[in-house]
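Asker: Going from the sequence shown to the numbering used here is simple: count from 1 and add 121. All C-beta atoms, glycine included, are put in the ideal place defined by N, C-alpha and C. Supplied in structure tokens, the structure appears directly below.
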Amino acid sequence: MNSGVLLVVSLVIILIGAEIFTNGIEWLGERLNLSEGAVGSILAAVGTALPETLIPIIAILLGGEAEGKEIGIGAILGAPLMLSTLAMFVTGVGVIIFRWRRVHGLKLQVNKDVIRRDLGFFLIVFTAAVLVGALPLRRWQLIIGAFMVFSYLWYVYVTITESKGGRDDGEELRRCYFCFGSEYPLLRTILFQVAVSLCLIILGADGFVTAVRDIAHAYGVPAFVLSLIIAPVATELPEKFNSIIWVSRGKDTLALGNITGAMVFQSSLIPALGIFLTDWRLSVGAMVSALCALLAAAVMYVEVTRKGYLSTGTLLFCGVFYLVFLMGVIQGIIR
């Protein structure tokens, strides 16, 4: 199949999978009696993180000694960058586009405690993941990697225990797509729908990565830049699509929690995997990308802490940090 055609087909598959997934994951949260914060930050975030989780694992284990590790580390660091900058920007654009159908228009209605908790966790753990790259002692790298795994498990426990009580918005759910004739679908039907949607998302993301990789290789893009930009852009599409779908329906906590929860997952368990499987030596380009992600997250954390909300303007402003990163690529700083 032509790379351009594959690109379009893959996008369509991801979009269909994302629509089925958002419906299924909302029903799963309903059956488990979880709040929107827990559904977005854990169920949706971890589910849609599967494609970008597979890329560094496959690259490190099967991609060759040098280039495989280079691609793996790039994919690991690229995901938090895309989530904290480009994904937030795209969500802000979605709010503007769908403001006519949103009850609150351009104003974001989010659970500030959920977003502040996720961003605070991300800032601490991802900073540790970056700084550990400068540690000369391998033993300390492994200790901190183990701490990062434990910290995510603790985050999941705290999120679930503090988030019981069902959905926050009181809005009636759309009927489950895989059981449209029933007002209250069985749990196994919901799980089957989520599993099918994840398969579609992974299939679409894999096709997208293949198409973009072929196009990028044709223009001689370096492996590290390819993994830091192309792979995360492709594999973070599910989060972007899910968030756009949710903001179009005024479900802002689900939309942003989907991204911030993925940021938590991608700043703890996945970097820990990189620490365990590689020597975790970060280049200047890797440091620049991580710094852009941390600065974007810090801007959002300050606003939600001081003002108690996130504005659409701040989401759009996060895109500036991605532009800074791209300028580094163009200037040859990141390679």
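State yes or no: is the C-beta of L127 within less than 8 angstroms of the C-beta of A332?
Answerer: By 1-based counting over the sequence shown, the position of residue 127 is 6. By 1-based counting over the sequence shown, the position of residue 332 is 211. Their beta carbons are under 8 angstroms apart, which means L127 touches A332 by this criterion.
Asker: Give the secondary structure of L307 by DSSP, where H, G and I count as helix, E and B as strand, and everything else as coil.
Answerer: Here residue 307 refers to the residue found at position 186 of the sequence shown. Three-state DSSP puts L307 in coil, outside helix and strand.
Asker: To the nearest angstrom, report how far apart K372 and Q230 are at their CA atoms.
Answerer: Along the sequence shown, read from residue 1 onward, the residue named residue 372 stands at position 251. Along the sequence shown, read from residue 1 onward, the residue named residue 230 stands at position 109. Looking at the two C-alpha atoms, the distance is approximately 8 angstroms.
Asker: Report the rounded CA-to-CA distance for G199 versus A407, giving the unit in angstroms.
Answerer: Position 78 of the sequence shown holds residue 199. Position 286 of the sequence shown holds residue 407. Approximately 9 angstroms, taken between the alpha carbons.
Asker: Just the C-alpha distance for G302 and L294, rounded to the nearest angstrom, thanks.
Answerer: Position 181 of the sequence shown holds residue 302. Position 173 of the sequence shown holds residue 294. Cα to Cα, the separation comes out at about 14 angstroms.
Asker: Taking Y273 as the reference, give the member of G241, G440, R260, G254 with the closest Cα.
Answerer: One-based indexing of the sequence shown puts residue 273 at position 152. Taking only the C-alpha atoms, the option nearest Y273 is G241.
Asker: Nearest to R152 by CA position, among I391, R370, P306, F142, is which residue?
Answerer: On the sequence shown, position 31 is the one that residue 152 refers to. Ranking I391, R370, P306, F142 by Cα distance to R152 puts P306 first.
Asker: Between the stretch 429–436 and the stretch 261–275, can you find at least three pairs of beta-carbon atoms closer than 8 angstroms?
Answerer: no
Asker: So what does DSSP say about L415, is it helix, strand or coil?
Answerer: Numbered from its first residue, the sequence shown carries residue 415 at position 294. Reduced to three states, the DSSP call for L415 is helix.
Asker: Which same chain residues end up closer than 6 angstroms to L136 when comparing Cβ atoms and leaving out the 5 residues on each side of it in sequence?
Answerer: Here residue 136 is taken as the residue at index 15 of the sequence shown, counted from 1. Within the same chain, L136 has close Cβ partners F362.
Asker: Among the residues of its own chain, which have a CB less than 7 angstroms from the CB of V235, if the five just before and after it don't count?
Answerer: For the purposes of this step, residue 235 is taken as residue 114 along the sequence shown, with counting starting at 1. So the list reads G158, S162, T374, G378, once near-sequence residues are dropped.
Asker: When you compare each of G150, F268, P392, M448 to G254 by their alpha carbons, which one comes out closest?
Answerer: Counting from one through the sequence shown, the residue named residue 254 turns up at place 133. Nearest option by C-alpha distance: P392.
Asker: Note down, in chain order, each residue of its chain lying with its Cβ closer than 8 angstroms to the Cβ of E304, except the 5 sequence neighbours on either side.
Answerer: The sequence position of residue 304 within the sequence shown is 183, counting from 1. Result list for E304: R296, in chain order.
Asker: Verify whether the separation of the beta carbon atoms of L324 and I134 is less than 8 angstroms.
Answerer: Residue numbering aside, residue 324 sits at position 203 when the sequence shown is read from its first letter. Residue numbering aside, residue 134 sits at position 13 when the sequence shown is read from its first letter. Yes, the Cβ-Cβ distance between L324 and I134 is below 8 angstroms.
Asker: For a quick check, are the C-beta atoms of V409 and F446 less than 8 angstroms apart?
Answerer: What you label residue 409 is simply residue 288 of the sequence shown in a count that begins at 1. What you label residue 446 is simply residue 325 of the sequence shown in a count that begins at 1. One thing to note: V409 has its Cβ within 8 angstroms of the Cβ of F446.
Asker: Beta-carbon within less than 6 angstroms of G291's beta-carbon, same chain only, minus the 5 sequence neighbours each way: which residues are those?
Answerer: Working through the sequence shown from its first residue, we reach residue 291 at position 170. Its pLDDT being 48, under 50, G291 is placed unreliably in this model, and the coordinates cannot settle the point.
Asker: Three-state secondary structure (DSSP) at L153?
Answerer: Taking the sequence shown and counting its residues from 1, one reaches residue 153 at position 32. The answer is coil: DSSP assigns L153 none of H, G, I, E or B.
Asker: In the DSSP assignment, find the alpha helix (DSSP H) that holds R223 and state where it starts and stops.
Answerer: As a first step, residue 223 must be located in the sequence shown, where it is residue number 102. Segment: none, R223 is in no alpha helix (DSSP H) and carries neither H nor E.
Asker: Kindly provide the ranges of any alpha helix (DSSP H) runs that are 4 or more residues long and lie completely inside the stretch 208–244, ordered along the chain.
Answerer: 209–218
Asker: Going by other Cβ atoms of all chains shown within 10 Å of its Cβ, with 16 needed for buried, is M448 buried or exposed?
Answerer: By 1-based counting over the sequence shown, the position of residue 448 is 327. With fewer than 16 Cβ atoms within 10 Å of its Cβ, M448 is classed as exposed.
Asker: Taking only three categories from DSSP, how would you classify T399?
Answerer: By 1-based counting over the sequence shown, the position of residue 399 is 278. In this structure, T399 counts as coil in the three-state DSSP scheme.
Asker: For L437 and G213, which I take to be in contact (beta-carbon distance under 8 angstroms), what is that distance rounded to the nearest angstrom?
Answerer: Translated into positions along the sequence shown, residue 437 becomes position 316. Translated into positions along the sequence shown, residue 213 becomes position 92. That pair is a contact at about 4 angstroms.
Asker: Is the beta carbon of G215 less than 8 angstroms from the beta carbon of S318?
Answerer: Indexing the sequence shown from 1 puts residue 215 at position 94. Indexing the sequence shown from 1 puts residue 318 at position 197. No. Outside cutoff.
Asker: Contact defined as beta carbons within less than 8 angstroms: I believe A97 pairs with L227. What is the distance between those atoms, to the nearest angstrom?
Answerer: Since the first and last residues shown for the chain are 122 and 456, residue 97 lies out of range.
Asker: Between which two residues does the alpha helix (DSSP H) holding T280 run?
Answerer: Residue 280 sits at position 159 when you count from the first residue of the sequence shown. Here the alpha helix (DSSP H) through T280 covers 259–282.
Asker: Count the other C-beta atoms from every protein chain shown that fall within 10 angstroms of the C-beta of Y278, then say buried if there are 16 or more, exposed otherwise.
Answerer: As a working note, residue 278 is residue 157 in the sequence shown. Y278 counts as exposed, since fewer than 16 other C-beta atoms from the protein chains shown sit within 10 angstroms of its C-beta.
Asker: Can you tell me which of F329, R309, A196, V270 puts its alpha carbon nearest to the alpha carbon of V246?
Answerer: Translated into positions along the sequence shown, residue 246 becomes position 125. Nearest C-alpha to V246: V270.
Asker: Out of A165, V130, V211, G168, point me to the one whose CA is closest to V441's CA.
Answerer: Against the sequence shown, residue 441 aligns to sequence position 320. Here the closest residue by C-alpha is V211.
Asker: Could you check whether A414 and L202 sit closer than 8 angstroms to each other, using their CB atoms as the reference points?
Answerer: As a position in the sequence shown, residue 202 is number 81, starting the count at 1. As a position in the sequence shown, residue 414 is number 293, starting the count at 1. Contact: yes.
Asker: Applying the 10 Å Cβ sphere with the 16-neighbour rule, what's the burial state of L258?
Answerer: Against the sequence shown, residue 258 aligns to sequence position 137. By the neighbour-count rule (16 or more Cβ atoms within 10 Å), L258 is not buried but exposed.
Asker: Straight-line CA distance for E283 to L155?
Answerer: Taking the sequence shown and counting its residues from 1, the one referred to as residue 283 is at position 162. Taking the sequence shown and counting its residues from 1, the one referred to as residue 155 is at position 34. Their Cα atoms are separated by approximately 9 angstroms.
Asker: Going straight from the alpha carbon of A316 to that of W148, what length do you get?
Answerer: The residue labelled residue 316 in the question sits at position 195 within the sequence shown. The residue labelled residue 148 in the question sits at position 27 within the sequence shown. When the Cα atoms are used, A316 and W148 turn out to be separated by approximately 13 angstroms.
Asker: Evaluate L444 with the Cβ neighbour count: other Cβ atoms within 10 Å of its Cβ, from every protein chain shown; 16 or more gives buried, anything less gives exposed.
Answerer: As a working mapping, residue 444 is identified with position 323 in the sequence shown. The residue is exposed, with fewer than 16 neighbouring Cβ atoms inside 10 Å.
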